[in-house]
Amino acid sequence: MAFRYQMTAPGAAQVKRVEADAVPPGPGEVQLRLRASSLNYHDYVTLSGLIPWVEYPRVPLSDGCGEVVAVGAGVSQFAPGDRVVTLFYPLWHSGRPTPQSKQLILGETTDGCLQEYLTIDARSVALAPAGLSDTQAATLTCAGHTAWYALMEEHRLQPGQTVLVQGSGGVSLFALQIARAVGARVIATSSSDEKLARMRAMGADHGVNYRTHPDWEAEVLKQAGGVDVAIDVGGEATLGKAIACANTDAFIAVIGVLGGFSAAAVSIFDVMQKNLCLRGVTVGCGESLERFCRFMEQHAIVPEVSHTLEAGQLREAVGLMERGEHFGKIGITVE
441 MAFRYQMTAP GAAQVKRVEA DAVPPGPGEV QLRLRASSLN YHDYVTLSGL IPWVEYPRVP
501 LSDGCGEVVA VGAGVSQFAP GDRVVTLFYP LWHSGRPTPQ SKQLILGETT DGCLQEYLTI
561 DARSVALAPA GLSDTQAATL TCAGHTAWYA LMEEHRLQPG QTVLVQGSGG VSLFALQIAR
621 AVGARVIATS SSDEKLARMR AMGADHGVNY RTHPDWEAEV LKQAGGVDVA IDVGGEATLG
681 KAIACANTDA FIAVIGVLGG FSAAAVSIFD VMQKNLCLRG VTVGCGESLE RFCRFMEQHA
741 IVPEVSHTLE AGQLREAVGL MERGEHFGKI GITVE
């Protein structure tokens, strides 16, 4: 019998290890032996019961890295022994998003990656970059791919452009690493001078502590002269400020709701006057994930994973996220 961790009610305390049969792959599918996952804010929201349509029992977590152990009829792009990462939206294989392609989300509307074996459409995984550990590779599914899709698919980041990243979570640090690899400049915000120093060591050109500078958008303008791209993860608390420090014709990726779920107060005049593009981003398609993995490999980018815990320590992982003690990603081994 294989094992899986499933939640029967909201709360990380409700996630229990159970035995389950492994499902052999059908035509067009691959069977994975999962080795690692990682915790995203989306997982935290799902575990907390804030998404009302989650049906129980449900295997949590969208991120996954594992080994292909079997392939179904018609699968030629993968073979047993290949190491792959999962696609956040397993039905969004290519092209622009549609309501149908976004129906399934690993760990939310279908079982996720906190389990020993996962059988999935072969188009819903990508070869993991060489040189990364299983835990590092697992972080690409959601946070890494979101940063990539915003910067390089929805936008076309150019050398010399200035990118604003907010905080030191997974999406922001991936955006920092991708931007530096492209040759862009980066200005980071954080409530911690220590974390800002670590982000400067990773290549950030400027840093602003938003606790000591509550009007941090003015400091961004002062230090960087405005930004061409903003990775906005705060939503209600930050979107208006990102607009205020954006340059004319800037691109703002609206990615997160860390500052709250309520409506954000924004200046419509600034959006119009500056010809801004505001684009909601929720990860990306399978073809984009493949391009992202090859970019990571080409530039030898190593994801930041500050903590690695075991699958049975999910409550502790959630606690780290709630307290903001992590830098980058919190990895989870699936053993």
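Take any residue in the sequence shown, note its place counting from 1, add 440, and you have its number in the working numbering.
Note that beta-carbon positions come from the ideal geometry of N, C-alpha and C, so glycine has one too.
Since we're looking at a predicted model, the values are computed, not measured.
C-alpha of Leu572 to C-alpha of Val745: approximately 11 Å in a straight line. The beta-carbon separation of Ala566 and Glu469, rounded to 15 Å, does not stay under the 8 Å limit for a contact. Fewer than three Cβ pairs drawn from the region 567-587 and the region 711-719 lie within less than 8 Å of each other, which leaves the two stretches out of contact. According to DSSP, Arg473 shares a beta bridge with Glu507 and Tyr557. By the Cβ criterion, the region 544-554 is in contact with the region 488-507, since at least three pairs of Cβ atoms, one from each stretch, lie closer than 8 Å. At a Cβ-Cβ threshold of 8 Å, Ile618 and Ala587 count as neighbours.
Around the Cβ of Asp633, a 10 Å sphere holds fewer than 16 other Cβ atoms; the residue is exposed. The shortest C-alpha to C-alpha distance from Glu556 to any of Cys505, His482, Glu594 and Gly512 is the one to Cys505. Taking 8 Å as the upper bound for CB-CB distance, Phe518 and Ser502 are not in contact here, some 20 Å apart. CA-to-CA, the gap between Ala590 and Val721 works out to about 6 Å. Note that the C-beta distance between Val774 and Leu554 is below 8 Å. Per DSSP, Gln543 lies in no beta strand (DSSP E) and is assigned neither H nor E.
Taking the Cα of Gln663 as reference, the smallest distance to any Cα among Gly726, Val742, Thr629 and Ala705 is reached at Thr629. Here the region 685-695 does not lie against the region 487-496, with fewer than 3 beta-carbon pairs under 8 Å apart. The beta carbon of Leu604 sits closer than 6 Å to those of Ile627, Val667 and Ala670, all from its chain and outside the five residues before and after it, given in chain order. Ile770 carries a strand assignment under DSSP once its states are collapsed to helix, strand and coil. If one requires a minimum length of 4 residues, the alpha helix (DSSP H) runs lying completely within the region 560-591 are 574-578 and 585-588, in chain order. Annotation for Ala513: Pro467 place their beta carbon closer than 7 Å to its own, counting only its chain and skipping 5 residues before and after. For Tyr445 against Ala751, the beta-carbon gap comes to about 6 Å, under 8 Å, which counts as contact. Nearest C-alpha to Ala452 among Thr602, Arg473 and Asp483: Asp483.
Rounded to whole angstroms, the separation of the alpha carbons of Asp574 and Ile741 is 14 Å. Closest option to Gly610, judged by alpha-carbon separation, among Ala578, Gln471 and Ala570: Ala578. Scanning its chain for C-beta atoms nearer than 8 Å, with the 5 sequence neighbours on each side dropped, one finds around Phe443 the residues Arg457, Val458, Glu459, Ala460, Gln555 and Glu556, in chain order. Secondary structure note for Ile708: its alpha helix (DSSP H) is the uninterrupted segment Ile708 to Gln713.
Sequence-distant Cβ neighbours of Lys542 in its own chain, meaning closer than 7 Å and more than five residues away, are Tyr529 and Trp532. In the same chain as Leu558, and ignoring 5 residues on each side of it, the C-beta atoms closer than 6 Å to its own belong to Leu472 and Leu474, in chain order. Using a Cβ distance threshold of 8 Å, Thr526 and Ser478 do not count as a contacting pair. Between Arg719 and Phe691, the CB-CB gap stays under 8 Å. Distances from the CA of Ala704 to each of Gly768, Gly675 and His747 were compared; the closest alpha carbon is that of Gly675. The beta carbon of Gln454 sits closer than 7 Å to the beta carbons of Met447 and Thr448 from its chain, once the five residues preceding and following it are set aside; these are given in chain order. Judged by beta-carbon spacing, Gly600 lies within the 8 Å limit of Gly623, meaning their Cβ atoms are closer than that value. Note on geometry: alpha-carbon atoms of Leu613 and Ala462 lie some 35 Å from one another. An exposed status is given to Met441, since fewer than 16 other beta-carbon atoms sit within 10 Å of its beta-carbon. Between His766 and Arg651, the alpha-carbon positions lie close to 18 Å from each other.
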